[in-house]
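Asks: Residue numbers (numbering that gives the first Met the number 0): 0 to 131.
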Amino acid sequence: MSLTNLPPAAIGLACMLVAAPAFADEMKAVPSGVNRQIDFFASVNPDCTSVGTPTVRLVDGPSRGTITTDKGRDFMVFPRSNVRHVCNRRRLSGLKLFYKSQSGFLGVDHVRVLILSASGTGREATYAIDVR
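Pasting the structure below:
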């Protein structure tokens with residue numbers, strides 16, 4: 000089927016889908032040329048001890064900067080319904096995710112990473128990074 004055979008509404012919908020911006024799980028704002036932490040990942044037992052360090056792999060991007068990781072300690076935010084919510088009050092061992100734009104770049108960059116937890120789960124996360 001060619002576009003000439005489609006009703007106008009279908010053509011408009013197809014154009015909107017093609018032009019739609021990439022979905023981002025999180026929007027972050029960072030200063031241009033400065034290395035900033037944009038996320039933190041940890042695999043945690045209910046008693047707040049570490050299961051092990053997660054692995055983060057770059058899936059796509061960034062086009063105007065670099066992504067790095069470093070082991071460290073930081074806070075997590077577990078919902079009240081999660082038995083680990085008591086861990087929100089203490090720094091946990093895990094992996095920090097950093098972004099640094101090219102010097103002088105101003106605009107939005109995108110990054111998608113794969114997070115593999117030490118407990119055996121995996122998920123992808125997409126970030127829209129507003130470089131100012």
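No residue lacks a Cβ here, since even glycine has one placed at the ideal position from N, Cα and C.
Keep in mind the model is a prediction, meaning the values are calculated, not measured.
Consult DSSP for V50 and reduce its assignment to one of helix, strand or coil.
Replies: strand
Asks: By the 10 Å Cβ neighbour count, where 16 or more other Cβ atoms means buried, how is G64 classified, buried or exposed?
Replies: buried
Asks: For D38, does the count of other Cβ atoms within 10 angstroms reach 16, so buried, or fall short, so exposed?
Replies: When all chains shown are included, D38 counts as buried.
Asks: Among L96, P78, A124, F97, which residue has its Cα nearest to the Cα of R88?
Replies: P78
Asks: Closest by CA to L71, which one among S92, A127, V85?
Replies: The sequence shown places Gly at residue 71, not Leu. Taking only the C-alpha atoms, the option nearest G71 is S92.
Asks: According to the Cβ coordinates, are K99 and G51 closer than 8 Å?
Replies: no
Asks: Could you give the DSSP three-state label for R88: helix, strand or coil?
Replies: R88: helix per DSSP, three-state reduction.
Asks: Mind checking P53: buried by the 16 CB within 10 Å criterion, or exposed?
Replies: buried
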